[in-house]
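Chains as they are written, first to last, in the working numbering: chain S, 25 to 480; chain U, 15 to 123.
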C-alpha cells in the first residue's frame with residue numbers, strides 16, 4: 025500500500041536546530057514540515073519589516089537552507105513551512121541566493137500570500153466586520169491604532185496548490201500548524217474539499233506532528249521510561265490514501281512512540297474534543313482509534329470530520345503597555361523569610377519614590393518554595409535551603425516599569441544577607457504585545473489568496 | 015486506598031486562549047471509569063484553588079481514555095501579558111497528577 029511519509033522537524037521557533045537535518049539524513053521521508061510562528065511572532069516580524077522592507081521572516085530557516093539544500097535537492101524531499109512570516113517573497117529571494125551560492129539550479133519555491141490583513145483592517149472594520157475578541161467578545165475597533173499585526177489562519181488548499189505547481193519548498197505566512205501536513209496529503213491523494221473524514225484524518229496527523237518531539241517521548245509523563253531522550257527522534261506519519269496512518273520515528277533514534285505518548289499529544293492544547301476547528305474541516309477527536317503496531321509504531325484510524333465553518337480565525341496582536349521581571353537568589357538560613365522581606369523592601373522603596381503597583385499588576389514568586397503550583401506542590405519553609413525570588417510588574421507607563429527595574433540590584437547590599445545571583449543588568453521594560461483572536465468571514469480572505477511558484 | 019492520580023493516569027497541559035488545558039489520560043479502561051466518576055470539575059477547581067480564578071470545564075474523550083479540562087483564568091492574564099513564570103500552564107498537568115483519590119487495590123497492579 026502506498027503511503028506518504030510526513031515528518032516534523034521544528035515544533036516552534038526555538039526548537040532544536042539539528043533535528044530537520046537528522047530527519048533528512050536518518051531515513052526516508054517525503055515531506056518535512058517546519059513551524060516557526062508562535063502567536064505573537066508575527067508582531068515581532070512586523071516591527072522588523074517596518075525597519076527593513078526586506079526583513080520579516082524566520083531567519084533560522086535560512087540557516088537550515090544553507091545546511092540542507094544540497095541534500096534536500098538530492099533526495100527530492102519537499103519542505104512545507106510558515107517561515108515566510110510576513111515576507112515570504114523576501115524569504116524566497118534569500119533561499120534562491122543560497123541555492124545559487126551552492127551551485128544549485130532548478131529548485132522551485134512556492135509562496136503563499138493573503139493571510140496578512142493589517143493594511144486591510146480599517147476597511148474591514150468599516151465594512152462591518154467587528155473582529156470581536158473570541159474570549160472577551162469585545163470589538164476590535166477601539167484598538168485599531170494599537171494593532172501591530174493581524175493574520176488569518178490559512179488552511180491546506182493553498183499549500184497543495186503550490187505543491188501542484190511543482191514547488192519543492194513552500195513558504196507560507198500564517199497557516200495552521202496542521203496544514204503543514206494536510207497540504208501535502210491533499211496534493212498527493214487528491215482529497216476533495218468536501219471529503220470531511222479524510223481531511224479530518226490528515227488534520228489529526230498534523231496535530232500529532234505539530235509539536236515535534238511531543239509525540240515521540242518529549243514532555244511524556246513517564247519520562248523515566250523514555251530511552252535516550254537526549255537523542256529523541258522527531259515524529260513521522262506514514263499516511264495512506266484512505267487517511268489511516270502510522271506514527272513512528274527513524275530507527276536508531278532515542279525516544280518512544282506508544283499509544284500513551286501519542287494520546288498525550290492528542291489532548292495537548294485541546295478544547296472541545298468533538299469540535300476541533302480548522303479552515304479545512306471540523307475534526308472530531310472522539311472518533312480517533314489508536315492501536316500499537318510494533319516497536320515505536322502506533323496506528324491511527326477511524327477519524328471522522330464535519331463540514332468547515334464559514335469563518336477563518338484571525339490572530340491579531342496589539343500593544344498593551346509594558347512589563348519587566350527581575351530575580352535574585354536568596355540562600356542561607358531562613359531563606360524563605362529573607363526572600364519575602366526582600367520583596368517587601370522593593371515595594372516599599374518604590375512607594376517611597378511615589379510608585380505603587382496594584383496587586384493585580386505585580387507578582388512575587390519564591391521559586392523553589394512551591395511558587396509555580398501554589399497550594400498543590402508546596403515546601404516546608406524551614407526545609408528550603410535557597411529560593412529564587414522573582415518579581416514582576418506590568419504598567420501602561422514605561423518609566424514606572426523601568427524604575428521598578430532599578431530596585432532589584434540594591435537588594436544585594438541593602439537587603440537581608442545571603443542575596444546573590446543578580447546578573448545581566450537592570451531589568452528593562454518590555455512592550456507587552458497582547459494577543460487578539462477573532463473570526464472573519466472566510467470569503468474576505470480566500471478571495472485575495474495568491475500562490476506563486478518560481479524557479480532559481 | 016488513597017493514592018495520587020499519577021498512579022493511574024498521565025497528563026499533559028498547555029494554554030488554550032485565556033485558559034489552561036489539562037488532558038488526563040487513564041492507563042486502563044477501568045481507571046478511566048474511576049477518573050470519570052471521581053475527577054469532577056468541582057474537585058479540579060478545588061485542587062487548583064490558588065491557581066484557577068475562573069470556571070473549570072470538563073470534556074470526555076472515551077476513545078483515548080481521557081478527560082480534558084479547561085481551567086479558565088488560570089494563567090495570570092495569559093500569553094505575553096502574564097507576569098507568572100508558568101504563563102502557558104505547562105506545569106498544570108503535573109499539578110493535576112498530585113490530586114489524591116480513593117482507588118481500589120486491584121487497579122493499582
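No residue lacks a Cβ here, since even glycine has one placed at the ideal position from N, Cα and C.
**Request:** Identify every run of the beta strand (DSSP E) within the stretch 106–140 of chain S, keeping only runs that are complete inside it and at least 3 residues long; order them along the chain.
**Result:** 132–137
**Asked** Does DSSP put residue 415 of chain S in a helix, in a strand, or in coil?
**Response** Collapsing the DSSP output to three states places residue 415 of chain S in a strand.
**Asked** Looking at the unbroken alpha helix (DSSP H) that takes in residue 371 of chain S, where does it start and where does it end?
**Response** 359–376
**Request:** Please find out if some non-hydrogen atom of the ligand ATP comes closer than 7 Å to the beta-carbon of residue 48 of chain S.
**Result:** You won't find the ligand ATP in this model; it holds no ligand whatsoever.
**Message:** Under DSSP, the beta strand (DSSP E) around residue 348 of chain S begins and ends at which residues?
**Reply:** 335–355
**Asked** Does any residue of chain S bring its CB to less than 8 Å from the CB of residue 120 of chain U?
**Response** No, residue 120 of chain U lies away from the interface with chain S (no Cβ there is under 8 Å from its Cβ).
**Item:** Identified DSSP bridge partners for residue 56 of chain S
**Value:** S:31, S:103
**Item:** Where the beta strand (DSSP E) containing residue 391 of chain S begins and where it ends
**Value:** 386–391
**Asked** Along chain S, in chain order, which residues have C-beta atoms closer than 9 Å to that of residue 112 of chain U?
**Response** 397, 400, 401
**Message:** Can you tell me whether residue 41 of chain S is buried or exposed? The criterion is at least 16 other CB atoms within 10 Å of its CB, across all chains shown.
**Reply:** exposed
**Request:** Tell me whether residue 418 of chain S is buried or exposed, calling it buried when 16 or more other Cβ atoms sit within 10 Å of its Cβ.
**Result:** By the neighbour-count definition (other C-beta atoms within 10 Å, threshold 16), residue 418 of chain S is a buried residue.
**Request:** Since I believe residue 30 of chain S is in contact with residue 260 of chain S (beta carbons under 8 Å), could you give me their beta-carbon distance rounded to a whole number of angstroms?
**Result:** 7 Å
**Asked** Under a three-way DSSP split, which group does residue 33 of chain U fall into?
**Response** strand
**Asked** Looking at residue 205 of chain S and residue 226 of chain S, is the spacing between their C-beta atoms short of 8 Å?
**Response** yes
**Message:** Under 8 Å, Cβ to Cβ, is there at least one residue of chain U near residue 70 of chain S?
**Reply:** Not one chain U Cβ lies under 8 Å of residue 70 of chain S.
**Request:** Round the Cβ separation of residue 59 of chain U and residue 66 of chain U to the nearest angstrom and send it over; I've been treating them as touching at under 8 Å.
**Result:** 6 Å
**Item:** Residue ranges of each alpha helix (DSSP H) within the stretch 410–456 of chain S, 4 or longer
**Value:** List check, alpha helix (DSSP H) in window: 422–429, 435–438.
**Request:** Please report how far the alpha carbon of residue 153 of chain S lies from the alpha carbon of residue 147 of chain S, in whole angstroms.
**Result:** 9 Å
**Item:** First through last residue of the beta strand (DSSP E) which encompasses residue 329 of chain S
**Value:** In the DSSP annotation of this structure, the continuous segment of the beta strand (DSSP E) that includes residue 329 of chain S starts and ends at 328–330.
**Prompt:** Which residue from S:409, S:345, S:454, S:258 puts its Cα closest to that of residue 171 of chain S?
**Reply:** When S:409, S:345, S:454, S:258 are compared, the shortest CA-CA separation from residue 171 of chain S is found for S:345.
**Item:** Where residue 266 of chain S sits in the DSSP three-state scheme
**Value:** coil
**Request:** Using a Cβ-Cβ cut-off of 8 Å, state whether residue 35 of chain S counts as contacting chain U.
**Result:** Closer than 8 Å: no.
**Message:** Distance cutoff 8 Å, beta carbons only. Does residue 26 of chain U sit that close to anything in chain S?
**Reply:** Closer than 8 Å to the CB of residue 26 of chain U there is at least one CB belonging to chain S.
**Request:** Establish whether the CB of residue 64 of chain U and some CB of chain S are separated by less than 8 Å.
**Result:** Yes, residue 64 of chain U lies at the interface with chain S (some Cβ there is under 8 Å from its Cβ).
**Request:** Determine contact between the stretch 172–183 of chain S and the stretch 129–144 of chain S, defined as no fewer than three beta-carbon pairs at a distance below 8 Å.
**Result:** yes
**Message:** Let's test the definition: count the other Cβ atoms within 10 Å of the Cβ of residue 16 of chain U and tell me whether it reaches 16, buried, or not, exposed.
**Reply:** exposed
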